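The sequence shown begins at 806 in our numbering and counts up one residue at a time.
Every residue, glycine too, gets a C-beta built ideally from N, C-alpha and C.
Quick caveat: nothing in here was measured; it's all calculated off a predicted structure.
Below: the structure, in structure tokens.
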Amino acid sequence: MAEEGLIVTGDPGEAHTVVLNTCSFIGPAREESHGAIRELVERKQKGDLGAVVVAGCLVQRYKGTLARQYPDVDVFAEISDYRELAKSIKRISRGESHQRYLEGPGLREPKREGARLLATPGSYAYLRISHGCDHTCSFCAIPSIRGKHRSKRPAAVLEEAEELIGAGVKELVVVAEDSTAWGRDFGMELPSLIEGLANLDGDARIRVMYAYPNRFPWDLAPLLADHPKVVPYLDIPIQHAATNTLRAMRRAGSGDQVRKILDRLRSEVPNLTLRTTVLLGFPGETDEDAAQVADLVRDYGLSRVGAFTYSPEEGTPGYDLEGSVPEDVAIARRDAVLAARDDELAKTQTAAIGTEVEILVDEPPDPDQGFVVGRAATDAPEVDMVTFAHAPDAEVGDRIMVRIDSVDDEQNWIGAAVENGARPSPEPAR
Ligand code: SF4
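Below, the structure written as structure tokens:
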């Protein structure tokens, strides 16, 4: 869009045209997307906004029905060619006629599509390494929306990373639908890419998200343990801990295998912070099955956990399964897991009080009190905790040592920058 001469802002309040990137893979995501569309349409009707563009997965999945549902939306764009989208928006900004519905050109090629303009604060950037997924988890609509797995070539990923590092990015957050599968379509494995990224010039660190547990590429372990530029953090979505439920979900591996993978990660990467996500209330799940998830959270001291209730998705094999779990039961099971998580989280966060932790500054000092918002290695952007640190002289992208003084109600750390701070020595958050 910037290449088309449009001025891009992260503040919808000051934009003439808002582009809403939607998500549709589960019911709550769809509800959130519809709520956001309604809000934008209302703003347009009041005259606060010039035009509304709805893009992304919701459009891809529901095609024309969405266009009929929201006559006041100016453009709908499937997961499409960014350049076409930018051209349409330019035509809108000039008051010219434009196509209202942009069909996707088919599955996106796993290649770069022009330079990046960062939508993140500048201290970190997401780096997509592949598109799509070859797994067939029975609850998941993503492969039908995003297609089969296609890896980006290493040269393309490294070039994009170099550009981002050159623009001042200090943390590259590696994302994909299934990052574990990267490279297998051309005989490579994820660790070689991660090592290549970590060995680029500059001081950006690499954080790996969305690693499917089975066929885990174990050469990643020494990089996580020892490479100074690979964050000792791994997001590994396990979805469940009970063999019955994993089988019904068509996930590879059993409850025992999940535990073995976590054991091996713990032993090969002693300083690792593990993050995972789990799904409760899948058809056929019993109280005992659900209890195994909470037990696993306690047994492994998992403090970074997202827990969700199952949402039956049309077009997925899970949709018609018998043994559906009532919503209130699923919510109670999820809450039990979250309660176990919160206990572990409180322990890890409180244990750091009095220690010094290095954080990456994501937001500049607030003008009143001089507190920055940053993150330690233990926390990924947007999904984990942040650290509020008194550091009036710090800038976005700085790495500063912070003495942790307390935790707030949401278990974020609160502290102050220390000058010439010693290297940190707290226990890793588990
Ligand atoms: S691995 Fe993830 S994206 Fe792929 S089908 Fe399973 S849940 Fe969906």
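What are the start and end residues of the alpha helix (DSSP H) that includes residue i?
i, result
"I934", "Counting along the chain, I934 falls outside any alpha helix (DSSP H), and DSSP gives it neither H nor E."
"S1129", "Looking at the DSSP string, S1129 is not in any alpha helix (DSSP H), and its letter there is neither H nor E."
"V858", "Premise fails: V858 lies in the beta strand (DSSP E), 856 to 861, not in any alpha helix (DSSP H)."
"P1122", "Counting along the chain, P1122 falls outside any alpha helix (DSSP H), and DSSP gives it neither H nor E."
"D853", "D853 -> no alpha helix (DSSP H), and no H or E assigned at all."
"S898", "887 to 898"
"S949", "947 to 951"
So, helix, strand or coil for residue i, using DSSP?
i, result
"T985", "helix"
"Q1044", "strand"
"A920", "coil"
"S956", "strand"
"H903", "coil"
"R1012", "strand"
"A872", "helix"
"N1019", "coil"
"A841", "helix"
"Y929", "strand"
"E1090", "coil"
"G973", "coil"
"E1149", "helix"
"V1142", "helix"
"P833", "helix"
"S1072", "helix"
"A1182", "coil"
"P1229", "Residue placement at P1229 is poorly supported in this model, since its pLDDT is 48, which falls under 50; the coordinates still yield a value, given next. Looking at P1229 - three-state DSSP - the assignment turns out to be coil, as it is neither helix nor strand."
"P1033", "coil"
"D1189", "coil"
"T941", "coil"
"E965", "helix"
"E1200", "coil"
"D1024", "coil"
Where DSSP assigns a beta bridge to residue i, which residues make up the other side?
i, result
"Y1038", "T1078"
"N1004", "According to DSSP, N1004 bridges with nothing at all."
"H1195", "F1176, A1221"
"V864", "Beta-bridge pairing links V864 to no other residue."
"L1084", "F1113"
"V824", "V858"
"F881", "V859, Y906"
Would you kindly report the start and end of the unbroken beta strand (DSSP E) that includes residue i?
i, result
"D1167", "1161 to 1168"
"G1058", "Neither: G1058 is in no beta strand (DSSP E) and is coded neither H nor E."
"I1219", "1218 to 1222"
"E976", "976 to 980"
"V813", "Neither: V813 is in no beta strand (DSSP E) and is coded neither H nor E."
"D1210", "1204 to 1212"
I think residue i touches residue j, with their Cβ atoms under 8 Å apart; what is that distance to the nearest whole Å?
i, j, result
"L1150", "Q1216", "5 Å"
"F830", "I947", "5 Å"
"F944", "Y1115", "6 Å"
"L1002", "A1030", "That pair is no contact at about 17 Å."
"V1201", "E1168", "7 Å"
"S956", "S935", "4 Å"
"D983", "Y1017", "5 Å"
"D1024", "E994", "7 Å"
The ligand NAD and residue i: does any heavy atom of the ligand fall closer than 7 Å to the residue's C-beta?
i, result
"T941", "Ligands present in the displayed structure are limited to the ligand SF4, and the ligand NAD is not among them."
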